[in-house]
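The structure appears right after this line, and notes come after that.
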Amino acid sequence: MPGHKGKNLLGFEKYDITEINGADSLFQAKSIIKESENNASKIFNAHTFYSCEGSSLSIKAMVYLALLWGRENNRAPLILAGRNAHKSFLNACALNDTDVLWLKSKEESYLSCNIDIDFLEDYLKSAKVLPCAVYITSPDYLGNITDLCTIAQICKKYKVLFLVDNAHGAYLNFLNMHPLNFGADLVCDSAHKTLPVLTGGGYLHISKKAPKTIKNNVKDALSLFASTSPSYLILQSLDKFNGQTEKFKKELNSILPHIENAKNVLTKSGYTLYGNEPLKLTIKTKLYGYLGTEFSSILEKQNIFCEFSDPDFCVFMLTLNKRELQKLVKTLLKIKQKSPIEKTPPVLAETEKVLSPREALFSPCETVKIKNALNRILAMPSVSCPPAVPIISLGEKINESAIEAFKYYGIKEVKVTKEG
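Residue numbers for the sequence shown follow this note's numbering, so the first one is 1 and each next one is one higher.
Structure, rendered in structure tokens:
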């Protein structure tokens, strides 16, 4: 293996190797992969481990490690989480038989979650048995960075692990804004989202202050959910970036003033922007007179493709390229502003939890039309990627407001548990 034996048919085969002598093995790293991960650890000032399956793998490992630590420390198999979690988190909870309590927030989109700090502390203060972890997504899909420092302080106060899905924010390490800087214990990064790394390249970071149980079991946790055939092309791209960090940091700091200026120009021209993440541009398109999906179609005709759009937002993930930024801004300024669209997204009423994520995922299920889904129990996340954030959670009963939300976001069918 590999079957192509290094012969160039597509052009990259000579770099596509496997666990042969001298190439090391990702989950039993002893030589060059271990050295490379040690180099990455120095860059992030943490114990850093590679993933060839993005943050999805790291999230599963984080939940497993939190549960493992929790069992050693008499904690409930429960994680307090922001509801805008990626579906990988729900899958991880189901696979690890971990329950979820959703933290309260007030946001205009299910993709964002401004955590109610008082609710979090009140719960931890009154809990008879503490949960094993608090789990936050920051930055979120729309470009909001949460007050991680305050949450970290609360977690430390009650001796609860603090997990952060930083999939969209690997670059924040080079701005001293990484979750590790604010006290997170375990953090996942999708390197391929904002760094020059091949798709699938990611990191799992363990804080140097995290319990030893976590670090000692990381490789086992990753290998539990990962393919036994990790891509060496992805590993090489992660390794290659280790030697380019100073160049990347310089280019990042060079482009940021231009991005800030571009955002100011767009705001003065009538656009309403959302979020505070440096490398993300999110437009509330209805206030400019367009649905987000309509807006993205207009841009595609100009060969500009957004990262994500829905009826309310159009999201761009910016690169470190001044010329491309200028093209985007120039094109946006040519789009004529129209009267605002008044229709707002449906407000999700609180849903009733009937089953745990594991019970729901492993229940016999069937696919039904949205119009027939009222009072049924959701069995699988019914969202694609992007954004891969479930509107309601596995095991929750689908109420009328959820029906309206599914319709609003274009979801026509859902998988529900079979009745009886």
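No residue lacks a Cβ here, since even glycine has one placed at the ideal position from N, Cα and C.
State the DSSP-derived secondary structure class of Gly202, mapped to helix, strand or coil. strand
Start-to-end residues for the beta strand (DSSP E) that takes in Ile145: Premise fails: Ile145 is in no beta strand (DSSP E) and is neither H nor E.
Could you say which of Asp24, Leu180, Cys113 and Lys208 lies nearest to Val389 if we only look at CA atoms? Cys113
Which residue from Leu374, Ile154, Ala85 and Gly143 puts its Cα closest to that of Asp118? Ile154
On a Cα-Cα basis, can you pick out the residue from Glu37, Gly143 and Phe44 that is closest to Glu307? Gly143
Residues sharing a beta bridge with Ile283, DSSP: Leu273 and Cys314
Alpha carbon to alpha carbon, what distance is there between Tyr135 and Thr417? 27 Å
Straight-line CA distance for Leu224 to Tyr64? 9 Å
Assigned exposure category for Met380 - 16 Cβ within 10 Å defines buried: buried
Between the alpha carbons of Gln302 and Ala46, how many angstroms are there, rounded? 42 Å
Could you tell me which residues DSSP puts in a beta bridge with Lys353? Glu396
For the beta strand (DSSP E) holding Leu103, just list the boundary residues, first then last. Asp99 to Leu103
Asn372 versus Val414: straight-line alpha-carbon distance, rounded: 10 Å
Proximity winner among Leu378, Glu366, Ser384 and Pro357, relative to Phe89 (alpha-carbon distances): Pro357
Just to confirm the assignment, what range does the beta strand (DSSP E) spanning Glu413 have? Glu413 to Thr417
Are the beta-carbon atoms belonging to Pro278 and Tyr408 less than 8 Å from one another? no
Give the DSSP-derived three-state secondary structure of Leu67 in the structure shown. helix
8 Å Cβ cutoff met for Ile214 and Leu186: yes
Hey, Ala127 and Val100 are a contact pair by Cβ (cut 8 Å); roughly how many whole angstroms apart? Not quite, the Cβ-Cβ distance comes to about 15 Å (not below 8 Å), so this is no contact.
In terms of DSSP beta bridges, what is Ser339 paired with? Partner(s): none; Ser339 has no beta bridge.
On the three-state DSSP scale, how would you describe Thr427? No statement about residue 427 is possible, as the shown extent of the chain runs from 1 to 420 and does not include it.
Is it buried or exposed, His4, if we count other Cβ atoms within 10 angstroms and call 16 or more buried? exposed
Do you know how far the Cα of Asp24 is from the Cα of Ser31? 6 Å
Taking all protein chains shown into account, do 16 or more other C-beta atoms lie within 10 angstroms of the C-beta of Leu148, making it buried, or fewer, making it exposed? buried
Pick helix, strand or coil for Pro77, following the three-state DSSP scheme. strand
For the beta strand (DSSP E) that contains Cys188, what are its first and last residues? Leu186 to Asp189
Three-state secondary structure (DSSP) at Ala429? Any answer about residue 429 is impossible in this case: the structure gives the chain only from 1 up to 420.
Residues in the same chain with beta-carbon distance under 7 Å from Leu68, minus the five sequence neighbours each way, listed in chain order, please. Thr213 and Asn217
Does the beta-carbon distance from Ile403 to Ile370 come in below 8 Å? yes
Let me make sure I understand the geometry here. Which of Thr351, Lys343, Pro364 and Lys286 has the alpha-carbon closest to that of Lys336? Lys286
Burial state of Met1 (16 or more Cβ within 10 Å): exposed
Residues near Glu419 by beta carbon distance below 8 Å, same chain, minus five either side: Arg376
At the level of alpha carbons, what is the spacing between Leu238 and Leu256? 24 Å
Going by Cα to Cα distance, which pick from Lys330, Leu333 and Ile283 is closest to Ser309? Ile283
To the nearest angstrom, how far is it from the Cα of Ser297 to the Cα of Val329? 16 Å
From which residue to which residue does the beta strand (DSSP E) around Val164 run? Leu161 to Asp165
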